[in-house]
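**Q**
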Ligand SMILES: Cc1ncc(COP(=O)(O)O)c(C=O)c1O
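Numbering (the working numbering), first residue to last: 16 to 453.
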């Protein structure tokens, strides 16, 4: 349900409870006003504005105006004195049901998207995955891998979970391990943010930081060497192995992909960042099976060898690998975009200038998606990408001018040269209705 206090414009997502299969409609809930029902297909844009007397008007996807709608409701009557129209759907009208959890991994957001049109001038929606207790998309992989290991009888109360992570999976596993009562050792390298390390330790995890690269396989290889040594030394260790564990991609097949298709049924292109390729493969497999009309594009960083490019130093954790990802199945990918890190940090700053503080890899996927759409898509193509985490953990790196200057020189700094268009620069183009349904 959309709630608007202010003049509002946005994409309509429909939760199952509100969706009527015969005629998809969404109730638009205006602050202080009774519900108004407008027939719109999910994924389209509506605009709400307020008249001087407090009444609201709503412009639907066809550009037609509904309203003015009644003013504030008092005793079941609007300020205009007329009986207030009742919503056509049953269920709670003002307040969503409470979300009461007994473990942190039970909570996740499935229906939050940012409309990137004002920032990249493309019809790009970004699925936000960092709004959970672990702060990132990796909660899904962590919870699924621990659940699968428990179901397979691999974990007992004295087990020690061990895993290699650039940070986010480590935090998520530290959180899930704390909740489930397991010891956890995270093997990371010196690209891991100090705050991320401290977070894991706060959950009771042990963090081993590797700083000397394996001469052939690099820092990731050195992490895996260290992990194997730990496993050889202690028979109670259980390596979940996010690189090869099918539960990693399985979590995205089961949740991320169907929630994208449900929220944005007109999707034509899905662009996903590639680290272990869990997110990419889970989504790609689901879309190839259920929506083969959707093109799937992988986004990787310069310096990663995942798609055959030459290895070079990378400074932002999350995307890219120093070896071919074991989970990668190229047959499910239609195209690949490679993004230099300098574009990543510039896009992160552009997003922050609009009030969206995302993690480094979101800058990469938004920059890569915008570039791919500009080159390969027709104007108005509906595209979706995924924001893996939020930006607070990157204040000392991606969002620190000195750090950017050190790694990318003056080209990494947007603030001196870049100006975004004014946020209220006229009404947006009304998007075309979705071309296909889930
Ligand atoms: C910030 C961030 N972005 C992207 C990814 C990539 O996700 P995946 O490993 O599913 O490819 C990760 C993985 O750790 C991450 O931490």
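Note that CB positions come from ideal geometry on N, CA and C, so glycine has one too. All values reported here derive from a predicted model rather than from experimental measurement.
1) Counting contacts by CB-CB distance shorter than 7 Å, is residue 412 in contact with chain D?
2) What is the residue span of the beta strand (DSSP E) that residue 288 lies within?
3) Say whether the stretch 174-188 touches the stretch 139-152, bearing in mind that this needs 3 or more beta-carbon pairs closer than 8 Å, one atom from each stretch.
4) Residue 407 lies in the beta strand (DSSP E); which residues open and close that run?
5) So the candidates are 264, 202 and 247; which of them puts its Cα closest to the Cα of residue 236?
6) Are the stretch 362-376 and the stretch 332-339 in contact at 8 Å, needing three or more beta carbon pairs?
7) For residue 204, count neighbouring C-beta atoms within 10 Å of its own C-beta (all shown protein chains included) and say buried if the count is 16 or more, exposed if not.
8) Our contact map puts residue 318 next to residue 327 with C-beta atoms below 8 Å; I'd like the distance itself, whole angstroms only.
9) Applying the criterion that 16 or more other CB atoms from any shown protein chain within 10 Å of the CB defines a buried residue, is residue 244 buried or exposed?
10) Quick one: Cα of residue 306 to Cα of residue 281, how far?
11) Scan the stretch 220-248 and note each continuous alpha helix (DSSP H) run of 4 residues or more that stays entirely inside, going in chain order.
12) Where does residue 317 sit, in a helix, a strand or coil, going by DSSP?
13) Write down every uninterrupted run of the alpha helix (DSSP H) in the stretch 349-420 whose length is 4 residues or greater and which is fully enclosed by it, in chain order.
14) Below 6 Å, is the gap between the Cβ of residue 208 and the nearest heavy atom of ligand 1?
15) Counting Cβ pairs closer than 8 Å, one from the stretch 359-374 and one from the stretch 403-417, do we hit at least three?
16) Looking at residue 404 and ligand 1, is the gap between the Cβ and the nearest heavy atom below 6 Å?
17) Which same chain residues, not among the five before or five after residue 118, have their C-beta less than 6 Å away from its C-beta?
18) Under the rule that 16 or more other beta-carbon atoms within 10 Å means buried, what is residue 263, buried or exposed?
19) Can you tell me which of 398, 404, 428 and 171 puts its alpha carbon nearest to the alpha carbon of residue 276?
20) Using the Cα positions of residue 261 and residue 425, report the straight-line distance between them to the nearest angstrom.
21) Given 6 Å as the limit, tell me if residue 334 has its C-beta closer than that to any heavy atom belonging to ligand 1.
22) From residue 429 to residue 388, what does the alpha carbon distance come to, in whole angstroms?
23) By alpha-carbon positions, which one of 382, 357 and 365 ends up nearest to residue 421?
24) Thinking C-alpha only, which one of 258, 294 and 112 is nearest residue 271?
25) How would you write the range of the alpha helix (DSSP H) that residue 186 sits in, first residue to last?
26) Answer with buried or exposed for residue 345, where buried requires no fewer than 16 other C-beta atoms within 10 angstroms of its C-beta.
27) Provide the residue(s) that pair with residue 202 in DSSP beta bridges, ordered along the chain.
28) If you measure between the beta carbons of residue 289 and residue 251, is that distance less than 7 Å?
29) Compare the beta carbon distance of residue 427 and residue 360 with 7 Å and say whether it is the shorter of the two.
30) If you draw a straight line from the alpha carbon of residue 120 to that of residue 342, how long is it in whole angstroms?
31) Of all the options 161, 230, 309 and 228, which has the alpha carbon lying nearest to the alpha carbon of residue 177?
**A** According to the structure shown:
1) No chain D is part of this structure, which consists of one protein chain only.
2) 284-288
3) Touching, per the Cβ criterion.
4) In the DSSP annotation of this structure, residue 407 is not part of any beta strand (DSSP E), being labelled neither H nor E.
5) Comparing Cα-Cα distances from residue 236 to each of 264, 202 and 247, the minimum goes to 202.
6) yes
7) buried
8) About 4 Å separates the beta carbons of residue 318 and residue 327, which is inside the 8 Å limit, making them a contact pair.
9) exposed
10) 11 Å
11) The qualifying runs are 233-248.
12) coil
13) DSSP assignment within the stretch 349-420 yields the following whole alpha helix (DSSP H) runs of 4 residues or more, N-terminal first: 356-368 and 375-391.
14) no
15) yes
16) yes
17) 194
18) buried
19) Ranking 398, 404, 428 and 171 by Cα distance to residue 276 puts 398 first.
20) 42 Å
21) yes
22) 22 Å
23) Nearest option by C-alpha distance: 357.
24) The candidate whose alpha carbon is nearest that of residue 271 is 294.
25) 183-195
26) Label assigned to residue 345: exposed.
27) 179 and 223
28) no
29) yes
30) Put simply, the backbone Cα of residue 120 is about 24 Å away from that of residue 342.
31) 161
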